[in-house]
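Residue numbers (my numbering): 1 to 83.
Here it is as structure tokens:
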């Protein structure tokens, strides 16, 4: 259905809605999807925090801006990233 990386959050949201519609235990569905997203995102946050402590913030911002611009251009030109 969705194949682009920017749709990952939307996929998680749609999966949560589908599970909530299928099962009556809404609290368990919300807890499970929340824990799943935390397991997926916490390592990235911790890695970013570690990088921010070891590297100059200005350098990190420049690298992030360059990556953001490169990915934006890739999306605009329809380049296949294989992700």
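For every residue, glycine included, the Cβ atom is placed at its ideal position computed from N, Cα and C. Nothing here was measured: the structure is a model prediction, and the numbers come from that model.
Taking a contact as a CB-CB distance under 8 Å, the pair residue 33 and residue 18 does not count as one, their CB atoms being some 10 Å apart. Within the same chain, 51 and 52 come within 7 Å of residue 60 by CB-CB distance, once the 5 residues on both sides are set aside. Rounded to the nearest whole angstrom, the C-alpha separation of residue 62 and residue 72 is 15 Å. Taking the C-beta atoms as reference points, residue 64 is found no nearer than 8 Å to residue 37.
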